[in-house]
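Using the numbering used here, the final residue of the sequence shown is 125, and nothing's skipped along the way.
We treat Cβ as the ideally placed atom computed from N, Cα and C, and that holds for glycine.
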Amino acid sequence: MPPPLTSLVLYVSDLDRSSRFYTDLGLEFLEDDRCEESPRRLSALLGGDAILELRCCGDGPPTRTRLGFALPDPGTTGERVGALRYPVTNRRGMLVTARDPDGNVVELTLAEGNG
C-alpha cells in the first residue's frame, strides 16, 4: 500500500485571493502559526488527515500544479467559481475544470454517493 499524502503546499501570489477561491470550493482555512519566523500561511484539512497549505511565494514564482476535488455538486460549484471570474475551461457532465488565481488547473468531480 502506498503511503498516504499528509500535506500539500501551494505557493501563491496573493494569499487572500487564493484562500477565497479554495473556500468557495468548500475548504475551511485557519491561520497556521506553527512557525513564527515564516511568512503568514493558511491551512485547510482535506480528506483523511491531509492538509492543503497556502503560503505566499514572495519574490519566487507561484506553484504550478493540477489538483482534483470530489464535491457533492461540481456543476453548481463550477458556476459559482465562474461567476467569481475565475476561468472555467471545461464542463463535461459531472467534470468541471477551472483555474485558480495563479493559473493552477483544478478539476471538480462528483463525489461518490452523490450520483
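Classify arginine 76: buried if its beta carbon has 16 or more other beta carbons within 10 angstroms, exposed otherwise.
On the sequence shown, residue 76 is found 66 positions in, with the first residue counted as 1. So arginine 76 ends up on the exposed side.
Considering only DSSP beta bridges, list what valine 98 is partnered with.
To locate residue 98, count along the sequence shown from 1; it is residue 88. Ala108, per the DSSP bridge assignment.
Cα separation between leucine 25 and methionine 11?
Here residue 25 corresponds to residue number 15 of the sequence shown, with the count starting at 1. Here residue 11 corresponds to residue number 1 of the sequence shown, with the count starting at 1. Their Cα atoms are separated by approximately 35 Å.
With 16 as the cutoff for other CB atoms within 10 Å, does threonine 107 come out buried or exposed?
The count along the sequence shown starts at 1 and reaches residue 107 at position 97. Threonine 107 is buried by the Cβ-count criterion.
Measure the beta-carbon distance from phenylalanine 39 to serine 53 and round it to whole angstroms, keeping in mind my assumption that it falls under 8 Å.
Residue numbering aside, residue 39 sits at position 29 when the sequence shown is read from its first letter. Residue numbering aside, residue 53 sits at position 43 when the sequence shown is read from its first letter. That belief holds up - the Cβ atoms of phenylalanine 39 and serine 53 are roughly 7 Å apart, short of 8 Å.
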